[in-house]
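Enquirer: Numbering (my numbering), first residue to last: 378 to 655.
Please read through the structure below; I'll follow up with questions.
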């Protein structure tokens with residue numbers, strides 16, 4: 378069965394869009410970083426705030442009987458507002474779950490969320506979830522599902538998703554959508570082929586011939602051999618490795634430390650209270 382998914386800031390959602398989503402069975406995701414000032418980085422092309430329009434769109438979805446998930450980017454300015462974020466998303470009608478994406482570096486020269494700040498952020502979210510919060514939190518629930526499967530002896534790791542991304546003219550890159558449109562002396566244009574001339578299955582069959590894919594596979598194997606978190610994490614994303622280190626061979630990224638390792642440590646310390654911050 379084909380899954381239809383759309384990620385939107387919901388500013389243009391109206392009844393007609395809701396009818397379309399219902400007719401074709403779309404799963405809807407909304408991008409919003411919290412209430413009021415916490416959403417200050419999400420502006421329209423004119424530089425105006427979008428939070429009020431996004432909330433209207435979310436209300437329209439809820440009134441149409443459509444549930445939705447949320448992606449919330451957490452920045453150094455908002456990392457200390459876990460309580461406000463949980464309360465906000467819990468109170469949104471139709472909000473089914475939230476994925477908290479801790480901001481990562483992609484070539485930008487700016488402060489990043491520290492591992493310690495991320496640890497306490499996850500600690501707070503885990504405490505709220507364990508304390509009875511009905512808000513589903515993507516990464517916390519993934520960890521809970523992994524632990525349950527491990528205890529039951531039924532962990533089943535799916536193959537790594539190659540993430541083929543197709544441009545308007547049919548060009549295809551693998552591993553990370555952010556690589557589309559980039560040219561770099563070491564890796565060229567990252568293009569694996571063009572869907573106008575060959576099927577994606579043929580591109581995947583010879584993906585190992587691409588230098589950046591081969592490097593990434595080598596790095597994943599290195600993670601598997603050397604990282605204690607690998608069985609849960611399954612390796613840092615290709616885009617994170619490249620944009621943070623300018624190579625695909627780097628074993629550890631900010632994403633590893635703040636979104637995987639800090640989460641696991643926070644959960645372990647919550648279950649064993651004698652633990653503490655990293």
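Glycine residues also receive a C-beta, built at the ideal position from the N, C-alpha and C atoms.
(1) Buried or exposed, going by whether 16 or more other CB atoms sit within 10 Å of the CB of residue 401?
(2) Assuming residue 438 and residue 471 make a contact with CB atoms under 8 Å, what is their CB distance in whole Å?
(3) Where do the ends of the alpha helix (DSSP H) carrying residue 610 lie?
(4) Taking 9 Å as the cut-off, decide whether the C-beta atoms of residue 386 and residue 431 are in contact.
(5) In angstroms with no decimal places, state the Cα-to-Cα distance between residue 637 and residue 606.
(6) Pop quiz: residue 474 and residue 515 are said to be a contact at Cβ under 8 Å. What is the actual Cβ separation, rounded to whole angstroms?
(7) Using 8 Å as the threshold, is the segment 579-599 in touch with the segment 641-648, meaning 3 or more CB pairs across them?
(8) From residue 383 to residue 508, what distance separates their C-alpha atoms?
(9) Beta carbon of residue 634, beta carbon of residue 625: below 9 Å?
(10) For residue 573, does the count of other Cβ atoms within 10 angstroms reach 16, so buried, or fall short, so exposed?
(11) At 3 residues or longer, and completely inside the segment 506-559: list those beta strand (DSSP E) runs for me, N to C.
(12) May I have a chain-ordered list of the beta strand (DSSP E) segments no shorter than 3 residues that lie completely inside the segment 404-456?
(13) Just the Cα atoms here: how many angstroms apart are residue 513 and residue 593?
(14) What did DSSP end up calling residue 478 once you bin it into helix, strand or coil?
(15) Determine, using beta carbons only, whether residue 580 and residue 569 come nearer to each other than 9 Å.
(16) Give the secondary structure of residue 613 by DSSP, where H, G and I count as helix, E and B as strand, and everything else as coil.
(17) Tell whether a beta-carbon distance below 9 Å holds between residue 611 and residue 534.
(18) Within a Cβ cutoff of 6 Å, which residues of the same chain sit near residue 476, ignoring the five residues on either side of it in sequence?
(19) With distance defined between alpha-carbon atoms, name the residue in 456, 489, 510 nearest to residue 466.
(20) In this structure, does DSSP put residue 382 in helix, strand or coil?
Expert: Reading it off the structure:
(1) Within the chain shown, the letter at position 24 stands for residue 401. Looking at its Cβ environment, which holds fewer than 16 other Cβ atoms inside 10 Å, residue 401 is exposed.
(2) Along the chain shown, read from residue 1 onward, the residue named residue 438 stands at position 61. Along the chain shown, read from residue 1 onward, the residue named residue 471 stands at position 94. Correct: roughly 6 Å between the Cβ atoms.
(3) Here residue 610 refers to the residue found at position 233 of the chain shown. Segment 607-610, the alpha helix (DSSP H) holding residue 610.
(4) Counting from 1 along the chain shown, the entry for residue 386 is found at position 9. Counting from 1 along the chain shown, the entry for residue 431 is found at position 54. Their beta carbons are under 9 Å apart, which means residue 386 touches residue 431 by this criterion.
(5) Locating residue 637 in the chain shown gives position 260, where the first residue counts as 1. Locating residue 606 in the chain shown gives position 229, where the first residue counts as 1. Cα-Cα distance, rounded: 8 Å.
(6) What you label residue 474 is simply residue 97 of the chain shown in a count that begins at 1. What you label residue 515 is simply residue 138 of the chain shown in a count that begins at 1. About 6 Å; that satisfies the 8 Å criterion.
(7) Between the segment 579-599 and the segment 641-648 there are fewer than three inter-stretch CB-CB distances shorter than 8 Å, so the stretches are not counted as touching.
(8) Reading the chain shown from its first residue, position 6 is the one you call residue 383. Reading the chain shown from its first residue, position 131 is the one you call residue 508. Cα to Cα, residue 383 sits roughly 32 Å from residue 508.
(9) Counted from its first residue, the chain shown places residue 634 at position 257. Counted from its first residue, the chain shown places residue 625 at position 248. Not a contact, by the Cβ cut-off of 9 Å.
(10) One-based indexing of the chain shown puts residue 573 at position 196. Exposed.
(11) As far as the segment 506-559 is concerned, its whole beta strand (DSSP E) runs of at least 3 residues are 548-550.
(12) Those beta strand (DSSP E) runs which fall completely within the segment 404-456 and span 3+ residues are 445-451.
(13) Stepping through the chain shown from its first residue, residue 513 is reached at position 136. Stepping through the chain shown from its first residue, residue 593 is reached at position 216. Each residue's alpha carbon lies about 32 Å from the other.
(14) As a working note, residue 478 is residue 101 in the chain shown. Note: residue 478 maps to strand in three-state DSSP.
(15) Within the chain shown, residue 580 is the residue found at index 203, counting from 1. Within the chain shown, residue 569 is the residue found at index 192, counting from 1. Yes, these two residues count as a Cβ contact at 9 Å.
(16) As a working mapping, residue 613 is identified with position 236 in the chain shown. Looking at residue 613 - three-state DSSP - the assignment turns out to be coil, as it is neither helix nor strand.
(17) Translated into positions along the chain shown, residue 611 becomes position 234. Translated into positions along the chain shown, residue 534 becomes position 157. Against a cut-off of 9 Å, the Cβ pair of residue 534 and residue 611 comes out as a contact.
(18) As a working mapping, residue 476 is identified with position 99 in the chain shown. If we look at residue 476 and ignore the five residues flanking it on each side, its Cβ neighbours are 448, 515.
(19) In the chain shown, counting from the first residue as 1, residue 466 sits at position 89. The candidate whose alpha carbon is nearest that of residue 466 is 510.
(20) Numbered from 1 along the chain shown, position 5 holds the residue referred to as residue 382. Assigned with DSSP and collapsed to three states, residue 382 falls in strand.
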